[in-house]
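What follows is a short report on a single structure.
There are 2 protein chains.
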Amino acid sequence: MSDKRIEILDLAENLIRTKGYNAFSYRDISGPLQIKNAAVHYHFPKKSDLGEEIIQRTRKKFQLKNKEWSHYSPQRRLDNFIALYEENQSLNLVCLVGALGSSYESLPENMQNNLSEMSREIRIWMMELLKEGLAKKEFNFAEKPNEKADLIIASLLSSLILDKVIRENIFKSVKASILKGV
Amino acid sequence: MSDKRIEILDLAENLIRTKGYNAFSYRDISGPLQIKNAAVHYHFPKKSDLGEEIIQRTRKKFQLKNKEWSHYSPQRRLDNFIALYEENQSLNLVCLVGALGSSYESLPENMQNNLSEMSREIRIWMMELLKEGLAKKEFNFAEKPNEKADLIIASLLSSLILDKVIRENIFKSVKASILKGV
DNA sequence: GTCTATACCTGGATAGAC
DNA sequence: GTCTATCCAGGTATAGAC
């Protein structure tokens, strides 16, 4: 994969996760990268091609982490997962699911499908993690694993949004709550 | 306030909460309401005027509820607050903070400010509610009130987003988790 | 792989008649 | 308060030269 291609993807992802998919244009890419719009279109003919590839590579990154973490304890895997959000927060970035999901109905179909699949994958991963933690008595909570999983992924997602809106460290609070609750 | 004005606000709010602020246009308003773009501009000269008023009236609605609920028990106030999200979910709508917050940096300044103030107000309300519930021994949880408050408002916000993306009843899970955790 | 040039559309917004 | 008409900026996208 060429350097330019990656630079375009990186910049576009950043734009999506600060301004949203519908608020950035090819100019916002070509300007900073000092190329012309047509060059961006060469790499990604349609805007939705760009959007789709950003989702797909995010999904792949997550899958790689999974493999890497597969023999870690549930607690450590949970810590690592939360650390991903902590990094986003320090970069002042919303996560991709939050950035795209809130305007789901405005997205091209290929992006909707990719986004849904990735999100389901993360959710199932979290459920399995929690089940295993319960079984190994590393965790202790009253909710059903799917309920707890949904609470965790939902609260992490929004913590990044609310951080920007409220300008308080919501992520930190949410992290503390989650860790005290498992 | 004229009927047309309200019709415009209602429709625009719906569009924001399904497609996002940047994905709808004056045509999306004027078409369904069978008027012309210029008529919409008469009521709301700039798009951001429309956006701002939608935030402001949402904030006022919340303040009215507060007064109405002020002598209810903490548990009942929490139940009522959750019920607001339940209604949104049944209408397939993301909440306003989620819809706008995820693309915060693309918003006009007047909308950013109004959105931030409203969100802070909701957060503080939730913190007070939880503190009171602890003091009255209606609630029992290990986290600090601000940590718990952030967990609750964050998870409710995203539950509506994830509901759409994952197409499972994430809201229901989150609701169960919250109620078991206080 | 990047450029220039351009096509075509949609967007927000305003002036002025009714 | 709503209309027609119009403006202009910006958006996505493509053709064809280099």
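Note that the protein sequences, when read in sequence, are chains A and B.
Just so we're aligned: the first sequence equals residues 1 to 182 in the numbering used here.
Just so we're aligned: the second sequence equals residues 1001 to 1182 in the numbering used here.
Note that CB positions come from ideal geometry on N, CA and C, so glycine has one too.
Bear in mind that the values here come from a model prediction, so they are computed numbers and not experimental data.
Contact with chain A is found for B/L1151, since one of that chain's Cβ atoms lies less than 9 Å from the residue's Cβ.
Nearest C-alpha to B/G1031 among B/L1011, B/L1050, B/S1155 and B/G1020: B/L1011.
Between B/K1065 and A/A142, the gap from beta carbon to beta carbon reaches 9 Å or more. B/E1109 has its alpha-carbon roughly 36 Å from the corresponding atom of A/K60.
Of all residues in the region 21-43 of chain A, those with a C-beta nearer than 7 Å to a C-beta of chain B are N22 and A23, reading in chain order. For A/I82, there are no C-beta contacts with chain B under 7 Å, since the nearest C-beta of that chain is about 13 Å from it.
In this chain, the alpha helix (DSSP H) harbouring A/R27 covers Y26 to L33. In the displayed model, B/A1038 falls within a helix according to three-state DSSP. Contact check for A/L160 and A/G98: beta-carbon distance about 6 Å, within the 8 Å limit, so the pair qualifies. Taking A/K148 as reference, the option from B/D1003, B/I1178, B/R1123 and B/K1046 with the minimal CA-CA separation is B/I1178.
Annotated as proximal: A/K136 and A/S73, with beta-carbon spacing under 9 Å. About 4 Å separates the beta carbon of B/L1157 from that of A/S158, a gap short enough to meet the 8 Å contact definition. Ranking A/S106, A/V165, A/S173 and A/E117 by CA distance to the CA of B/L1015 puts A/S106 first. Under the Cβ criterion of 9 Å, B/K1131 is not counted among the residues facing chain A.
In the three-state DSSP reduction, A/K137 falls in the coil class, being neither helix nor strand. Under the three-state reduction of DSSP, B/E1168 is assigned to coil, being neither helix nor strand. Shown here for B/I1054: same chain residues with a beta carbon closer than 8 Å to its own, the five before and five after excluded, namely L1009, A1012, E1013, I1016 and L1096 in chain order. Residues P1145, K1148 and A1149 of the same chain have their beta carbon placed closer than 6 Å to that of B/L1130, with the five preceding and five following residues left out of the count. In the same chain as B/N1022, and ignoring 5 residues on each side of it, the C-beta atoms closer than 8 Å to its own belong to S1103 and S1106, in chain order. Pairing B/Y1085 with B/I1170, the inter-Cα distance amounts to about 12 Å. Looking at A/E168, A/E138 and A/V174, the one whose alpha-carbon comes closest to that of B/A1154 is A/V174. Taking a beta-carbon distance threshold of 9 Å, A/N110 does not count as an interface residue toward chain B. The closest CA to that of B/A1176, considering only B/Y1026, B/Q1034, B/T1058 and B/L1078, is found on B/L1078. Taking the CA atoms as reference points, A/I166 sits about 10 Å from B/E1121. B/K1164 is positioned such that its CB atom lies no closer than 9 Å to that of A/G20.
Contact residues of the region 87-100 of chain A toward chain B are V94, V97, G98 and A99 (C-beta to C-beta distance below 7 Å). A check of alpha carbon separations from B/F1024 across B/G1051, B/M1127 and B/Q1034 identifies B/G1051 as the nearest. Distance between A/S48 and A/M127, taken at the CA atoms: about 31 Å. The beta carbon of B/V1165 falls within 9 Å of a beta carbon belonging to chain A, placing the residue at that interface.
For A/I55, the closest Cβ of chain B is not nearer than 9 Å.
In this structure, the straight-line span from the alpha carbon of A/P45 to that of B/W1069 is close to 54 Å. Using beta-carbon distances, B/A1012 does not count as an interface residue toward chain A, since no partner is under 9 Å.
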